[in-house]
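Enquirer:
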Amino acid sequence: TEGATPGDKTLWEHRYQTVEVREEDILDRSTIATKNGDNRISVETVCTPALYKVGGKMLRCCMVTHWPLEVKTQMEANTTYMTALLECSPYPLCFFTFDGHLITCNPAARQVFGKTIWLQSDIFGMG
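Heads up, the sequence shown is in my numbering, so the first residue is 1386 and it goes up one at a time.
(1) Evaluate residue 1473 with the Cβ neighbour count: other Cβ atoms within 10 Å of its Cβ, from every protein chain shown; 16 or more gives buried, anything less gives exposed.
(2) Buried or exposed for residue 1435, please, with buried defined as at least 16 other CB atoms from any protein chain shown within 10 angstroms of its CB.
(3) Helix, strand or coil for residue 1511, going by three-state DSSP, please let me know.
(4) Roughly how many angstroms lie between the CA atoms of residue 1448 and residue 1497, to the nearest whole one?
(5) Residue 1404 lies in the alpha helix (DSSP H); which residues open and close that run?
(6) For residue 1407 and residue 1437, I'd like the C-alpha separation in whole angstroms.
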């Protein structure tokens, strides 16, 4: 690519070999320019192999996703907080998928319903 440094070219060649040839994911931390180009932000970059359908033909490609570390840190903090609330609640709480399969439940629910909860019907008798 025009204007790319030798380091940039080496990085993209490494990504190509890892993702496209060996079909492995890459997880990197780096900095990228903001949209206006005035600032740089720290991001976690995920490169993963993908298939893309164009005109009935499947093409192999590399999907690149950038997550700003600030956002990731906030999401992890929120997850930690919500997990603590769930675990400390004295009320039995269970979370299920839309088709009724258990995602998780807190210690109060395990104490009330036992450790063999797999479906909503195990609790509500809707089988």
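Every residue, glycine too, gets a C-beta built ideally from N, C-alpha and C.
Owing to the predicted nature of the structure, the values given are computational and were not obtained by experimental measurement.
Expert: Short version:
(1) exposed
(2) Result: exposed.
(3) Residue placement at residue 1511 is poorly supported in this model, since its pLDDT is 43, which falls under 50; the coordinates still yield a value, given next. Per DSSP, reduced to three states, the secondary structure at residue 1511 is coil, with no helix or strand assignment.
(4) 45 Å
(5) Residue 1404 -> no alpha helix (DSSP H), and no H or E assigned at all.
(6) Straight-line Cα distance between these residues: approximately 18 Å.
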